[in-house]
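Novice:
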Amino acid sequence: MKLINAKTKLRKYPIYFQPDIIKKAPFFINKYFIDAEKVVLITNDKIYGIYENNIKNFLEQISLKFEIIITGDGEENKNLKSAESIYSNLVKQNLHRNDIIIAFGGGVIGDLAGFVASTFHRGIKLIQIPTTIIGQVDSSIGGKVVLNYRNIKNVIGSFYQPHMIIIDPTFLYTLDENEIVNGLAEIVKYGLVFDGRILRILEDSIDEVKEDRLFKLVRSEVFHKVIFKCALIKTRVVKKDEFDLDCRNLLNFGHTIGHCLENAADLKEISHGQAVSMGMMVAINISIKMGFLNNHIKNKIIKLYKKLKLPYIIPDLDMDKILKPLKYDKKFTAFSNKFVLLKGIGRPVFFYNLNRDIIINSIKICINNYL
1367 MKLINAKTKL
1377 RKYPIYFQPD
1387 IIKKAPFFIN
1397 KYFIDAEKVV
1407 LITNDKIYGI
1417 YENNIKNFLE
1427 QISLKFEIII
1437 TGDGEENKNL
1447 KSAESIYSNL
1457 VKQNLHRNDI
1467 IIAFGGGVIG
1477 DLAGFVASTF
1487 HRGIKLIQIP
1497 TTIIGQVDSS
1507 IGGKVVLNYR
1517 NIKNVIGSFY
1527 QPHMIIIDPT
1537 FLYTLDENEI
1547 VNGLAEIVKY
1557 GLVFDGRILR
1567 ILEDSIDEVK
1577 EDRLFKLVRS
1587 EVFHKVIFKC
1597 ALIKTRVVKK
1607 DEFDLDCRNL
1617 LNFGHTIGHC
1627 LENAADLKEI
1637 SHGQAVSMGM
1647 MVAINISIKM
1657 GFLNNHIKNK
1667 IIKLYKKLKL
1677 PYIIPDLDMD
1687 KILKPLKYDK
1697 KFTAFSNKFV
1707 LLKGIGRPVF
1717 FYNLNRDIII
1727 NSIKICINNY
1737 L
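For reference, each letter of the sequence shown is one residue, going 1367 to 1737 in our numbering.
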């Protein structure tokens, strides 16, 4: 078993990592949360359909009264309506601050359950058990909990560190290909921004000819090591900048335009990972226009994209609809914008007050597939 000791100003907490560690998790919870009386596990209908027996067996081994709350699947359910439904259930269960909420699922469940935990009784115990690649390498770590509002991505939220994270890479074995692609986009982000060795590991570990290559990749021991490496990077970044005021902004590489694409597709037609994948390509195009990168690096990245089945061509969406959500980006102010660009692999840079025409032209390159 590997252990990461996360340290932030708000809280110190353990991140346990190991295949099949879910079998040991009840022991950790019973030992760590000795004052708790109840536990509520929040998941969605899709995940519950896959893991119903596992969830029940897991909860029965925890020496606490438990309840399961099942929400709808998808980004469109990460909203105040879903949160209100959960609040109502928690009131019925008479949960107190010493009790536990477990977020069992991907990034949407982690955000939704985390936001509820941060606000119910001004904060109750929170355990994150991420079941997707995005959850395991990124969203479960660092304490950002957030909801969408009126079809605007991630505008109601807070910082609330979990009390424990349990990462079991065997949960990734049940992901469909679309979900694997979603997660691989975030992993590529870590490679482009922080550690180019991650890209080389992916490049060397996958056979671009075999159709089932992504399923074989996520089951490999080398991929487990990549998951752990990314989780460790995220933990270290959060320790340096818990409240996202400086270097933590680097984690938003590809997300600025990515979130715009999600909003333009009404948070339904384009998944978060797909949007980030395309958003990173826009950021690469901008970096080239600014003279930071050359097309040789871009072509190498596209080659890896193709191996990993990552999308780099943006659907022909209305440009005004794409650009409208930019004003809600948390890195922007009323008078300036801030983009994360690249001067090379592992060499990110912040760029302020980027010209709107450069943004538009860089998006159009991805829409028209001009390599």
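Glycine included, C-beta positions come from ideal geometry on N, C-alpha and C.
Around the C-beta of Y1539, are 16 or more other C-beta atoms found within 10 angstroms, so that it is buried, or is it exposed?
Specialist: The residue labelled residue 1539 in the question sits at position 173 within the sequence shown. It is exposed - the Cβ of Y1539 has fewer than 16 other Cβ atoms within 10 Å.
Novice: May I have a chain-ordered list of the beta strand (DSSP E) segments no shorter than 3 residues that lie completely inside the segment 1524-1572?
Specialist: 1530-1533
Novice: Just to confirm before moving on: does the CB-CB distance between I1711 and L1550 stay below 8 Å?
Specialist: Position 345 of the sequence shown holds residue 1711. Position 184 of the sequence shown holds residue 1550. Going by C-beta atoms, I1711 is not nearer than 8 Å to L1550.
Novice: Quick one: Cα of Y1515 to Cα of E1587, how far?
Specialist: Here residue 1515 refers to the residue found at position 149 when the sequence shown is read from its first residue. Here residue 1587 refers to the residue found at position 221 when the sequence shown is read from its first residue. CA-CA distance, Y1515 to E1587, rounds to 39 Å.
Novice: Specify the secondary structure class of F1339 as computed by DSSP and reduced to three states.
Specialist: There is simply no residue 1339 to check, as the chain begins at 1367 and stops at 1737 in what is shown.
Novice: For K1669, does the count of other Cβ atoms within 10 angstroms reach 16, so buried, or fall short, so exposed?
Specialist: Taking the first residue of the sequence shown as 1, we reach residue 1669 at position 303. So K1669 ends up on the exposed side.
Novice: Can you list, in chain order, the residues of its chain with a C-beta nearer than 7 Å to that of K1373? Leave out the 5 residues immediately preceding and following it.
Specialist: Taking the first residue of the sequence shown as 1, we reach residue 1373 at position 7. Same-chain partners within the cutoff: K1605.
Novice: Would you say the segment 1670-1687 touches the segment 1639-1647, given that touching needs at least three Cβ pairs under 8 Å?
Specialist: yes
Novice: Less than 8 Å between the beta carbons of E1523 and K1510, yes or no?
Specialist: Here the question's residue 1523 lines up with position 157 in the sequence shown. Here the question's residue 1510 lines up with position 144 in the sequence shown. As written in the sequence, residue 1523 is Gly, which differs from the Glu given in the question. Cβ atoms of G1523 and K1510: closer than 8 Å.
Novice: Return the chain-ordered list of same chain residues with a C-beta closer than 7 Å to the C-beta of R1762, the five sequence neighbours on each side being excluded.
Specialist: Nothing in the structure corresponds to residue 1762, since the chain is present only between 1367 and 1737.
Novice: Taking Cβ positions, are P1528 and Y1379 nearer each other than 8 Å?
Specialist: Working through the sequence shown from its first residue, we reach residue 1528 at position 162. Working through the sequence shown from its first residue, we reach residue 1379 at position 13. Yes, they are a contact pair.
Novice: Any idea what DSSP makes of N1455, helix, strand or coil?
Specialist: For the purposes of this step, residue 1455 is taken as residue 89 along the sequence shown, with counting starting at 1. Reduced to three states, the DSSP call for N1455 is helix.
Novice: Measure the C-alpha to C-alpha separation of L1683 and N1443 and round it to an integer number of angstroms.
Specialist: One-based indexing of the sequence shown puts residue 1683 at position 317. One-based indexing of the sequence shown puts residue 1443 at position 77. Roughly 23 Å separates the two Cα atoms.
Novice: Using only alpha-carbon positions, find the residue among G1562, N1423, H1590, I1553 that is nearest to K1600.
Specialist: Numbered from its first residue, the sequence shown carries residue 1600 at position 234. K1600 has its Cα closest to that of I1553, out of G1562, N1423, H1590, I1553.
Novice: Measuring alpha carbon to alpha carbon, tell me which of E1574, N1464, N1660 ends up nearest H1487.
Specialist: Translated into the one-based positions of the sequence shown, residue 1487 becomes position 121. Ranking the options by Cα distance to H1487, first place goes to N1464.
Novice: For I1435, name the three-state secondary structure that DSSP assigns.
Specialist: Residue numbering aside, residue 1435 sits at position 69 when the sequence shown is read from its first letter. Three-state result, I1435: strand.
Novice: Would you call the CB atoms of Y1453 and L1492 closer than 8 Å?
Specialist: In the sequence shown, residue 1453 corresponds to position 87, counting from 1. In the sequence shown, residue 1492 corresponds to position 126, counting from 1. A distance of 8 Å or more separates the beta carbons of Y1453 and L1492.
Novice: At the level of alpha carbons, what is the spacing between T1699 and T1622?
Specialist: In the sequence shown, the residue the question calls residue 1699 occupies position 333. In the sequence shown, the residue the question calls residue 1622 occupies position 256. About 13 Å.
Novice: Which whole-angstrom value describes the C-beta separation of F1424 and A1391, a residue pair presumed to lie in contact below a C-beta threshold of 8 Å?
Specialist: The residue labelled residue 1424 in the question sits at position 58 within the sequence shown. The residue labelled residue 1391 in the question sits at position 25 within the sequence shown. 7 Å between Cβ atoms; contact.
Novice: Please list, in chain order, all residues of the same chain as Q1459 whose beta carbon is under 7 Å from its beta carbon, the five residues on each side excluded.
Specialist: Translated into the one-based positions of the sequence shown, residue 1459 becomes position 93. Excluding positions up to five away in sequence, the list reads K1404, V1406, E1433.
Novice: With T1498 and G1472 assumed to form a contact (beta carbons below 8 Å), what rounded beta-carbon distance in angstroms separates them?
Specialist: In the sequence shown, the residue the question calls residue 1498 occupies position 132. In the sequence shown, the residue the question calls residue 1472 occupies position 106. Rounded, the Cβ-Cβ distance is 4 Å, consistent with contact.
Novice: How is the beta strand (DSSP E) around P1392 delimited, first residue to last?
Specialist: As a position in the sequence shown, residue 1392 is number 26, starting the count at 1. If you look at P1392, you'll find it isn't in any beta strand (DSSP E); it sits in the alpha helix (DSSP H) that goes 1391-1398.
Novice: Are the segment 1625-1645 and the segment 1589-1598 touching, with three or more C-beta to C-beta distances below 8 Å?
Specialist: Contact fails between the segment 1625-1645 and the segment 1589-1598, because fewer than three Cβ pairs, one in each stretch, are under 8 Å apart.
Novice: Distance check for S1571 and D1612, CA to CA, integer angstroms please.
Specialist: If you number the sequence shown from 1, residue 1612 lands on position 246. If you number the sequence shown from 1, residue 1571 lands on position 205. Approximately 33 Å, taken between the alpha carbons.
Novice: Quick one: what's got a C-beta closer than 7 Å to D1386's C-beta in the same chain, skipping five residues either side?
Specialist: For the purposes of this step, residue 1386 is identified with residue 20 of the sequence shown, where counting begins at 1. Counting only Cβ-Cβ distances below 7 Å, and skipping sequence neighbours, we find D1534, T1536.
Novice: Kindly indicate the opening and closing residues of the beta strand (DSSP E) around G1471.
Specialist: Position 105 of the sequence shown, counted from the first residue, corresponds to residue 1471. Counting along the chain, the beta strand (DSSP E) containing G1471 begins and ends at 1466-1471.
Novice: In chain order, what residues of the same chain lie with their CB nearer than 7 Å to the CB of L1583, ignoring the 5 residues before and after it?
Specialist: As a working note, residue 1583 is residue 217 in the sequence shown. Cβ within range, chain order: S1571, I1572, F1589.
Novice: Could you work out which residue in K1696, D1610, K1672, L1627 is closest to L1568 when comparing CA atoms only?
Specialist: Position 202 of the sequence shown holds residue 1568. It is K1672.
Novice: Cutting at 7 Å between CB atoms, please list the residues of its own chain near F1619, excluding the five before and the five after it.
Specialist: Residue numbering aside, residue 1619 sits at position 253 when the sequence shown is read from its first letter. Cβ neighbours of F1619 beyond the five flanking positions: K1555, L1558, V1559, M1646, A1649, V1706, P1714.
Novice: Does DSSP put A1449 in a helix, in a strand, or in coil?
Specialist: Locating residue 1449 in the sequence shown gives position 83, counting from the first residue. In the structure shown, the three-state DSSP call for A1449 is helix.
Novice: State the beta-bridge partners of N1371 as determined by DSSP.
Specialist: Along the sequence shown, read from residue 1 onward, the residue named residue 1371 stands at position 5. Note: N1371 sits in a beta bridge opposite P1380.
Novice: List the endpoints of the continuous alpha helix (DSSP H) containing N1419.
Specialist: One-based indexing of the sequence shown puts residue 1419 at position 53. Residues 1411-1426.
Novice: Residues in its own chain within less than 6 Å of S1484 by CB, not counting five upstream and five downstream?
Specialist: As a working note, residue 1484 is residue 118 in the sequence shown. Around S1484: V1511, S1524, Y1526.
Novice: Within 10 angstroms of its Cβ, does H1662 collect 16 or more other Cβ (buried), or is it exposed?
Specialist: As a first step, residue 1662 is located in the sequence shown; it is residue number 296 there, counting from the start. With fewer than 16 Cβ atoms within 10 Å of its Cβ, H1662 is classed as exposed.
Novice: Within 10 angstroms of its Cβ, does V1603 collect 16 or more other Cβ (buried), or is it exposed?
Specialist: What you label residue 1603 is simply residue 237 of the sequence shown in a count that begins at 1. Classification for V1603: buried.
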